[in-house]
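Enquirer: Got a structure for you, questions after.
What follows is the structure, given as structure tokens:
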């Protein structure tokens, strides 16, 4: 849920954050396009890494890299284009680390007789994160402002990575 919550949140918050700091729509489009391009292409390599290193290391480190991406967006905000690009790179790379490893971890834990159902349930909870992220972003931004919303995303994402470090178990692959 949190992984896709990040995407939903950035779709609502980043355009406002970066236009408020002087970027035009073309620059915002570059920032928002870079994130999914890197995550999409990156999955080719990170999927192989998850097979070699295990699922948990990529899930945990990927969530922490994503959290760092939110931090970069604010720390570098005096240079909004740099902030946006650095954040998009970290979010894209972090998401690429997490995506294939999460779905593989679910598959690893699911018996072949109920694997499809397990993956469907996983996808439901993962994909509901898009809507939850957009809703949460709007509520937080209205109540506390854009910067606080980005901070909340960083904290939530880092907490998710730390919880994964504590609770995810590697499982022999079927």
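In this note's numbering, the protein residues as written are 1 to 174. We treat Cβ as the ideally placed atom computed from N, Cα and C, and that holds for glycine.
Flag this pair as yes or no: are the beta carbons of residue 3 and residue 95 separated by less than 8 Å?
Expert: For the purposes of this step, residue 3 is taken as residue 3 along the chain shown, with counting starting at 1. For the purposes of this step, residue 95 is taken as residue 95 along the chain shown, with counting starting at 1. Yes, they are a contact pair.
Enquirer: What is the DSSP secondary structure of residue 78, reduced to helix, strand or coil?
Expert: The residue labelled residue 78 in the question sits at position 78 within the chain shown. DSSP places residue 78 in coil when its eight states are reduced to three.
Enquirer: I'd like to know if the region 107-117 and the region 22-41 are in contact, where contact means that at least 3 CB-CB pairs between them fall below 8 Å.
Expert: With the cut-off at 8 Å, the region 107-117 and the region 22-41 do not touch.
Enquirer: Note down the Cα distance separating residue 147 from residue 30, rounded to an integer number of angstroms.
Expert: Locating residue 147 in the chain shown gives position 147, where the first residue counts as 1. Locating residue 30 in the chain shown gives position 30, where the first residue counts as 1. Rounded to whole angstroms, residue 147 to residue 30 spans 21 Å at the Cα level.
Enquirer: Pair every Cβ in the region 132-142 with every Cβ in the region 47-62, then say whether three or more of these pairs are closer than 8 Å.
Expert: They do not touch, by the three-pair rule.
Enquirer: Once you ignore the five residues that flank residue 82 on each side, which residues in its own chain have a CB closer than 6 Å to its CB?
Expert: As a first step, residue 82 is located in the chain shown; it is residue number 82 there, counting from the start. For residue 82, where only same-chain residues beyond five positions count, the Cβ hits under 6 Å are 76.
Enquirer: Under the three-state reduction of DSSP, which class applies to residue 174: helix, strand or coil?
Expert: Within the chain shown, numbered from 1, the residue matching residue 174 stands at position 174. With a pLDDT of only 49 at residue 174, under 50, the local geometry of the prediction cannot be trusted, and the value read off the model is given with reservation. Residue 174 falls in the coil class under three-state DSSP.
Enquirer: Quick check on the DSSP output: the alpha helix (DSSP H) that includes residue 36 runs from which residue to which?
Expert: For the purposes of this step, residue 36 is identified with residue 36 of the chain shown, where counting begins at 1. First-last of the alpha helix (DSSP H) with residue 36: 25-53.
Enquirer: Taking the C-alpha atoms as reference points, what is the distance between residue 84 and residue 68?
Expert: Counting from 1 along the chain shown, the entry for residue 84 is found at position 84. Counting from 1 along the chain shown, the entry for residue 68 is found at position 68. Between residue 84 and residue 68, the C-alpha separation is close to 13 Å.
Enquirer: Roughly how many whole angstroms lie between the Cα atoms of residue 158 and residue 136?
Expert: For this step, residue 158 is matched to residue 158 along the chain shown. For this step, residue 136 is matched to residue 136 along the chain shown. If I take the Cα positions, the gap works out to 17 Å.
Enquirer: Going by beta carbon distance, what residues of the same chain come within less than 7 Å of residue 132, once the five residues before and after it are set aside?
Expert: As a first step, residue 132 is located in the chain shown; it is residue number 132 there, counting from the start. Excluding residues within five positions, the ones whose Cβ falls inside 7 Å are 1, 5, 8.
Enquirer: By Cβ distance, which residues of its chain are closer than 7 Å to residue 128, with the 5 residues on each side in sequence left out?
Expert: Here the question's residue 128 lines up with position 128 in the chain shown. The residues are 1.
Enquirer: Mind checking if residue 3 is an interface residue toward chain C, Cβ cutoff 8 Å exclusive?
Expert: No chain C appears in this structure, which consists of one protein chain only.
Enquirer: Have a look at 74, 111, 21 and flag the residue whose alpha-carbon is nearest the alpha-carbon of residue 171.
Expert: Here residue 171 refers to the residue found at position 171 when the chain shown is read from its first residue. Nearest of 74, 111, 21 to residue 171, Cα basis: 111.
Enquirer: Got a sec? Which residues, its chain only, sit under 8 Å from residue 165 by beta carbon, not counting five neighbours each side?
Expert: By one-based count along the chain shown, residue 165 stands at place 165. Only 56, 60 meet the Cβ criterion.
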